[in-house]
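Colleague: Can you read through this structure? Questions will come right after.
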Amino acid sequence: MPLVYVRRTVREMADHYDELLGERIASDEALRTLGEPEVLASSITRDYRHRTWLGRHAWVVFWLLPLPIATFIAYLVYILTIEAVMPCVIWACGVTEESFVLGPLETWKIAIVLVMHLVILALPIAMAVATYRWLAIRLGQPWTRQLPALGLLTFYFAVTMVEL
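Going by this note's numbering, the sequence shown opens with residue 215, and the numbers climb by one from there.
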């Protein structure tokens, strides 16, 4: 859970405890009224995880959405790379249509194109994994909930690499 949420919850529990003590209830009785710390922590954690629709239905996020999200990210990276980055790289390298016809390209120009190709392949994987890591933290889900999503993403990108 985020530290801000934990601090606010602890502050609220301390306020409840102070209110109970202000009502002339004994310290032990006040603690019993609030509940056992383990049960209280479990309840607070569950409430935090279930405060959003995605938190209540984490299986949707980690079982159904990995492939559409990964496909969307891969598409965005591909379009941005092809439409924005590659023209700049081609211009900076001085590659023209005539250079393909008139003679072989220099090695460093080929290397840049190959690096851009690898970026197109690897960046969506890194972005999808980072997105799912962020989602798991944001939803307060344990790392074990990420395993199905990461497995699906691994399979998806392995199939993509085989197709290329």
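Virtual Cβ for every residue (Gly too), placed ideally from N, Cα, C.
State yes or no: is the C-beta of VAL303 within less than 8 Å of the C-beta of ILE326?
Modeller: Closer than 8 Å, so yes.
Colleague: When the Cα atoms are used, what is the spatial distance from ALA288 to ILE334?
Modeller: 8 Å
Colleague: By DSSP, does PRO356 sit in helix, in strand, or in coil?
Modeller: coil
Colleague: Taking only the alpha-carbon atoms, compute the straight-line gap between THR368 and THR223 and give it to the nearest angstrom.
Modeller: 38 Å
Colleague: Considering GLU252, what are the terminal residues of the alpha helix (DSSP H) in which it resides?
Modeller: 251 to 263
Colleague: When we look at the beta-carbon of VAL275 and count the other beta-carbons within 10 Å, is it buried (16 or more) or exposed?
Modeller: buried
Colleague: Suppose only complete runs of 4+ residues qualify. What are the alpha helix (DSSP H) ranges in the segment 266 to 318, listed by chain order?
Modeller: 267 to 270, 280 to 294, 300 to 307 and 311 to 316
Colleague: Going along the chain, which residues of its own chain have a beta-carbon closer than 8 Å to the beta-carbon of TRP273, five neighbours each way excluded?
Modeller: For TRP273, where only same-chain residues beyond five positions count, there are no Cβ hits under 8 Å.
Colleague: Under 8 Å, do ARG263 and LEU353 count as touching if we go by C-beta distance?
Modeller: yes
Colleague: Just checking my contact of ALA357 with ALA350 at CB under 8 Å: how many whole Å lie between their CB atoms?
Modeller: Before going on, a small fix: residue 357 reads as Trp here, not Ala. That belief holds up - the Cβ atoms of TRP357 and ALA350 are roughly 7 Å apart, short of 8 Å.
Colleague: Do the CB positions of LEU234 and ALA244 come within less than 8 Å of each other?
Modeller: yes
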